[in-house]
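> Just so you know, we're using our numbering here: the sequence shown kicks off at 463 and counts up by one.
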Amino acid sequence: MKFELLKKDAQSKARAGSITTDHGIIETPIFMPVGTVASVKGVHQRELKNDINPDIILGNTYHLYLRPQIKILEKAGGLHKFMNWDRNILTDSGGYQVYSLSANRKIKEEGVKFKSHIDGSFHFFTPENVMEIQRSIGADIIMAFDECTPYPCDYR
Numbered sequence: 463m464k465f466e467l468l469k470k471d472a473q474s475k476a477r478a479g480s481i482t483t484d485h486g487i488i489e490t491p492i493f494m495p496v497g498t499v500a501s502v503k504g505v506h507q508r509e510l511k512n513d514i515n516p517d518i519i520l521g522n523t524y525h526l527y528l529r530p531q532i533k534i535l536e537k538a539g540g541l542h543k544f545m546n547w548d549r550n551i552l553t554d555s556g557g558y559q560v561y562s563l564s565a566n567r568k569i570k571e572e573g574v575k576f577k578s579h580i581d582g583s584f585h586f587f588t589p590e591n592v593m594e595i596q597r598s599i600g601a602d603i604i605m606a607f608d609e610c611t612p613y614p615c616d617y618r
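(1) Leaving out five residues before and five after Gly600 in sequence, what residues of the same chain have Cβ atoms less than 7 Å from its Cβ?
(2) Using DSSP with H/G/I as helix, E/B as strand and the rest coil, what is Thr588?
(3) Got a sec, what are the start and stop residues for the beta strand (DSSP E) Val574 sits in?
(4) Given that a residue counts as buried once 16 or more other Cβ atoms are within 10 Å of its Cβ, and exposed if not, what is Gln473?
(5) Ser555 and Val592 - do their beta-carbons sit closer together than 7 Å?
(6) Based on Cα-Cα distance, which residue from His579, Lys511 and Lys470 lies nearest to Tyr524?
(7) To the nearest angstrom, report how far apart Asp517 and Met605 are at their CA atoms.
(8) Which stretch, first to last residue, makes up the beta strand (DSSP E) that contains Phe465?
(9) Is Leu520 near Leu563, with beta carbons less than 7 Å apart?
(10) If you follow the beta strand (DSSP E) that Gly479 is in, where does it begin and where does it stop?
(11) Which of the three DSSP states, helix, strand or coil, is assigned to Val496?
(12) I'd like to check one pair, Gly504 with Thr490: are the Cβ atoms closer than 7 Å?
(13) Given Val574, which residues of its chain have a CB within under 6 Å of its CB, disregarding the five upstream and five downstream residues?
(14) So the alpha helix (DSSP H) Thr523 belongs to, where does it begin and stop?
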């Protein structure tokens, strides 16, 4: 992957650049449709590719892990083949679910234990295994496992 800064605006600090991956060039800033569970809702694949024409779409590691499941994505040959998508994919880490699914998780120093909202099974996410999951499904850009802290909160 390569990032190139193409322009800077001295007055606003705005920047334009390009990111090159194995699946093509992404010019920034970019509109990134959300395909949380390997599908962008509300549009047909043909419309997505031909009319919206994004250079990249976003998937969510937590949701992909639970359904369709990583073993199915790997068996299909990765997320790109599973989705029939030949352009870039960014996978979010699932860190937002640490916040949004607070009733179904327990935070530990090593990671987060989630109770699946689908079937009640338990899963443990660590910064390391979340990165490995994203690598194993072939995401072009992967995000680190983060934690969105609620407001208000104290330093600890």
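Cβ atoms here follow ideal geometry from the backbone N, Cα and C, with glycine treated the same way. The structure presented is a predicted model; accordingly, all values stated were derived computationally and were not measured.
According to the structure data:
(1) For the purposes of this step, residue 600 is taken as the residue at position 138 of the sequence shown. Cβ within range, chain order: Gly540, Leu541 and His542.
(2) Working through the sequence shown from its first residue, we reach residue 588 at position 126. Here DSSP, grouped into helix, strand and coil, assigns Thr588 to coil.
(3) For this step, residue 574 is matched to residue 112 along the sequence shown. For Val574, the uninterrupted beta strand (DSSP E) segment begins and ends at Val574 to Lys577.
(4) By 1-based counting over the sequence shown, the position of residue 473 is 11. It counts as exposed.
(5) Stepping through the sequence shown from its first residue, residue 592 is reached at position 130. Stepping through the sequence shown from its first residue, residue 555 is reached at position 93. By the CB criterion at 7 Å, Val592 and Ser555 fall inside the cutoff.
(6) As a position in the sequence shown, residue 524 is number 62, starting the count at 1. For the residues His579, Lys511 and Lys470, the minimum Cα distance to Tyr524 belongs to His579.
(7) Locating residue 517 in the sequence shown gives position 55, where the first residue counts as 1. Locating residue 605 in the sequence shown gives position 143, where the first residue counts as 1. Cα to Cα, the separation comes out at about 18 Å.
(8) Looking up residue 465 in the sequence shown gives position 3. Looking at the DSSP string, the run of the beta strand (DSSP E) that includes Phe465 is Lys464 to Lys470.
(9) For the purposes of this step, residue 520 is taken as the residue at position 58 of the sequence shown. For the purposes of this step, residue 563 is taken as the residue at position 101 of the sequence shown. Taking 7 Å as the Cβ cut-off, Leu520 and Leu563 do not qualify as a contacting pair.
(10) On the sequence shown, residue 479 is found 17 positions in, with the first residue counted as 1. Arg477 to Thr483 is the extent of the beta strand (DSSP E) around Gly479.
(11) By 1-based counting over the sequence shown, the position of residue 496 is 34. Of the three classes helix, strand and coil, the one that applies to Val496 here is strand, per DSSP.
(12) Counting from 1 along the sequence shown, the entry for residue 490 is found at position 28. Counting from 1 along the sequence shown, the entry for residue 504 is found at position 42. Taking 7 Å as the Cβ cut-off, Thr490 and Gly504 do not qualify as a contacting pair.
(13) On the sequence shown, residue 574 is found 112 positions in, with the first residue counted as 1. Here Val574 has Val560, Arg567 and Phe587 as same chain residues with Cβ atoms under 6 Å from its own Cβ, once five neighbours each way along the sequence are excluded.
(14) Your numbering for residue 523 matches position 61 in the sequence shown. Element bounds for Thr523: Thr523 to Leu526.
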